[in-house]
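When you line the sequence shown up against the numbering used here, it's residues 354 to 598, in that order.
Every residue, glycine too, gets a C-beta built ideally from N, C-alpha and C.
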Amino acid sequence: MDEGATSGSGRDWFLVGMRGIFSLPAMILMLSFVGFCAFTAQAGFPVEQVVFMTGVVWALPAKVILVSSILGGANVLTAFIAVTLSSIRLMPMVAALVPEIRTQKTPTWLLLFLSHFVAITAWVFAMERVQTVPREHRIAFFAGFGITLVLANMLLVAVVYQFVAEFPPLVSGCLFFLTPVYFLASIWSSARHPVIYVALVIGLVAGPVFFWIAPEFDILLAGLVGGTLAWLAEREWRGRREVRP
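Here it is in structure tokens:
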């Protein structure tokens, strides 16, 4: 369906987005949340706090940082800053997604509200499918998926909390790791330009290096270095193509 199509109502497309809960990205994220639930249960966090955390702090790494900060005895301000810094990586995702789903009539408050639901899974799901949705219904489509995904994970955490406290740490860690592996594979397979491969490779190499040098900022630094070098490489390639006779 092309961008100019007008079939279906906003409600219909909201329901289409809701059905995305049965997609592979959503299933992988839900398995990751089972691992997070095991982590918090073993750490002694009550179920109501874990459910609240799942709905309010919406990226898994940020939640892990919050729990680790609390366990480490950090004060509220320190934990807030740590979670905020970890979420900076989501800003480029929001910046890339908003132009794809907004219309001239979309209110800013609605975009701000929906930005809460932008994390790895929702971003990959939306960017892979949004071009098949009529532009005037893309907000409804993304809202249907994002809101359903959050509520489903809150319910999942509440249900499995009592059963995962005895999970071996290795099992919990493997479940955690599913989401970043899927994200990396999705970005690699959907890349439309060689520069993306360059950025990914440099980031993968630089990540462990910066973890050793500055573990508090390893992801941020790896992203900046990988993205900058890839951008410079792309400029060099483009310049060479332009000077060819």
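Less than 7 angstroms separates the beta-carbon of G556 from that of A575. Assigned with DSSP and collapsed to three states, H546 falls in coil, not helix or strand. In this chain, the alpha helix (DSSP H) harbouring W476 covers I473 to R482. Counting only runs that start and end inside the stretch 505-587, the alpha helix (DSSP H) elements of at least 4 residues fall at 522-543 and 547-566.
The Cβ atoms of L413 and F389 lie closer than 7 angstroms to each other. Classified as exposed, G526 has fewer than 16 neighbouring CB atoms from the shown chains inside 10 Å of its CB. Ranking L377, S440, R364 and G560 by CA distance to the CA of E481 puts L377 first. A straight line joining the alpha-carbon of F516 with that of P399 spans about 13 angstroms. R593 and F530 have their C-alpha atoms some 40 angstroms from each other. Contact between A432 and I441 fails: their C-beta atoms lie close to 16 angstroms from each other, not under 8 angstroms.
Rounded to whole angstroms, L382 and A552 show a C-alpha spacing of 24 angstroms.
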